[in-house]
Amino acid sequence: MTLVASPDVLVALDQRLRAVAPHLLEEVPAPVADAPTDAAVLLDLLVSAVRGPGAPAATRWLLLVALTARFPEPEEMERAQRVLDGEDTTTASLWLLETAWTVARTHPGPPVEIEVVTDAVVVDVNHTAHSDRHTGIQRVVRQTVPHWVAQHDVVLAAWTDGAAGTRRLSERERQSVLAWDDTAPTKDVADDDVPRSLLVPWRCTLVLPEVPAVETCPKLAAVARFSGTSLVAIGYDAIPVVSADLRPWNEPNLFVSYLAAIKYASRVAGISVTAADEFRGFSESLRSQGLSGPVVSEVQLGHEAVGSGGAVPDARPTTPHSVLCVGSQEVHKNHLAVMFAAERLWREGLDFSLTFVGRHGWDMTEFDDAVAELRGAGRPLRVVRGMGDADLAHAYATARFSIFPSLHEGYGLPVAEALASGTPVVTSNYGSMREIAEEGGCLLVDPRDDEQILDAMRTLLVDDATVERLRAEAAARAPRPWETYASELWDVLIEGAAAR
């Protein structure tokens, strides 16, 4: 086979080989004048350095990245391992070049250079960097990563278009992560500052504070297995597999791709005891494959009043009473049960409004139909999507109570946020929500029992003494600043502190 490449492609290839040479060769030769010749000289030396049984997989992973300008997947690495173990230098070099040529034809694009970083902490914030949402995972990332950047030497990374590999962030993306402004859009806005070079973490620590996109998961698995980089992650929940009946039909398969990477991680920090138990169970199950699995710890999320730097807004509950339900509109959030109870109470003559705050989820036809029916009957029901932090803080502070009877949560951040604002909460009597409620301020219900939800809502609408008791309990709860969470998380994930 004759391989013909353009001059720009050969210049980029030469740069990539030059970038990895100091890490793979004991002595790097001086550059030759023209890029094709220089690349040929380097390739022969590099293949010789990583060829033969016993050569470290990390060196081969790095060379494959240099040749293809893409992070390899596990199957690609396994093929390369066999070729480099069993073939001579010339045969192995030709195979590698043919592989690189195939990748270039399959994934066309402009020539790409690489930047190799070693012994660094690289944090993958791809989703948050591009998201105009500020709930759940995005809120955790934006409350945590800025503390790390302020206190440690951290490299922030996103993925290239087409998920070839990681890259540094543009300035706009950094702002989305480090200085979130809910008035500034992050999607559908041209960003001309996106770096084109691949950022290659080699023998680093790669942190996953998000659930990565499915197309990146095989590459992350290969990073963890072959590159010498330690993969560590925040463990949010296993809802897509444990409560698959409450999620989109294809989500379990997508989540399994994530688990296929996580099983090679070094450490996972669950956001609650419940979440840690889920990931620990998964880790322990890997013994059947002869794998040790990640060490799983629990580092409970921070909880502060929203948008107030930890201070509770100066506000008083409104009349008529306002009931608040915060959370994305997903089936497992159990919003239909909340509306059923609310309608029963309106029929009893109780005077209150109900406000849902959160983004629209998947297949919420029943939710939308129920909202339309109640509004059509004149019920004081609002649905607010995309509420900013200042308005959300006011909503928490002025609510008679907040309700969050979810069927399954990794943590239940709206419960903690409401309590931090001094607002009582009706929430579920198991899992992470019960964990949060143990310090007081909540009425616990079985979320599958409509009558329990109804009774709890009625109690907090009519019983001032109970409301005042729960407010006092909420006010007495020990605060947990996000800075504390960020520090403990760093100790567990990066420093490898002993599991708690």
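Following UniProt numbering, the numbering of the sequence shown begins with 1 at its first residue and continues without gaps. Glycine included, each C-beta is placed from N, C-alpha and C at the ideal position.
Under the 10 Å beta carbon count, Arg267 is surrounded by 16 or more other beta carbons and is classified as buried. When the beta-carbon positions are compared, Val492 and Ser292 stay at least 8 Å from each other. In this structure, the alpha-carbon of Gly422 lies about 12 Å from that of Ala395.
Within the DSSP secondary-structure output, Glu115 pairs in a beta bridge with Leu199. Shown here, Arg287 sits in a helix according to DSSP, grouped into three states.
In the structure shown, Gln151 adopts helical secondary structure according to DSSP, grouped into three states. In the three-state reduction of the DSSP assignment, Val323 falls in the strand class, which pools E and B.
With the rule of 3 Cβ pairs closer than 8 Å, the stretch 482-489 does not count as touching the stretch 370-383. A distance below 8 Å separates the beta carbons of Met457 and Val426. Between the C-alpha atoms of Thr205 and Asn253 there is a straight-line separation of about 27 Å. Rounded to whole angstroms, the separation of the alpha carbons of Arg82 and Leu94 is 14 Å. For Glu298, the pairing in a beta bridge is given by DSSP as Gly270.
Collapsing the DSSP output to three states places Val28 in coil.
The shortest CA-to-CA distance from Val125 to any of Arg105, Trp159, Glu113 and Asp153 is the one to Trp159. Residue Gly165 holds the alpha-carbon nearest to the alpha-carbon of Thr216 among Gly228, Arg196, Asp181 and Gly165. If one requires a minimum length of 4 residues, the alpha helix (DSSP H) runs lying completely within the stretch 438-464 are 450-462, in chain order.
Residue environment for Arg400: buried (at least 16 other C-beta atoms within 10 angstroms of its C-beta). By the Cβ test, the stretch 226-235 is not in contact with the stretch 338-353, since fewer than three Cβ pairs between them sit closer than 8 Å. For Phe404, DSSP records a beta bridge to Thr427. The three-state secondary structure of Trp482, taken from DSSP, is helix.
Around the beta carbon of Glu330, 16 or more other beta carbons lie within 10 angstroms, which makes this residue buried.
Classified as exposed, Pro53 has fewer than 16 neighbouring CB atoms from the shown chains inside 10 Å of its CB.
The count of Cβ pairs closer than 8 Å, one atom from the stretch 440-451 and one from the stretch 355-363, stays below three, leaving the stretches out of contact. Taking a contact as a CB-CB distance under 8 Å, the pair Pro414 and Leu470 does not count as one, their CB atoms being some 16 Å apart. Between Asp193 and Arg172, the C-beta gap is smaller than 8 Å, which places the two residues in contact. The C-alpha of Gln300 is placed about 10 Å away from the C-alpha of Ala275.
If you draw a straight line from the Cα of Arg142 to the Cα of Leu169, it is about 15 Å long. Going by DSSP, Thr398 is part of the alpha helix (DSSP H) stretching over Asp389 to Thr398. Restricting attention to Glu251, Ala393, Ala260 and Asp119, the CA atom closest to the CA of Val306 is found in Ala393. Contact check for Trp202 against Val116 passes: the beta carbons are separated by less than 8 Å.
The beta carbon of Leu350 sits closer than 6 Å to the beta carbons of Leu461 from its chain, once the five residues preceding and following it are set aside; these are given in chain order. The beta carbons of Ala80 and Val20 sit about 14 Å from each other, so the pair does not count as a contact at 8 Å.
Within the same chain, Cβ atoms closer than 8 Å to the Cβ of Gly162 are found at His107 and Gly109, the five residues on either side in sequence being excluded. By the criterion of at least three beta-carbon pairs nearer than 8 Å, the stretch 428-446 is in contact with the stretch 269-285. For Phe226, the secondary structure class from DSSP, reduced to helix, strand or coil, is helix. A Cβ-Cβ contact shorter than 8 Å links Val140 with Pro209.
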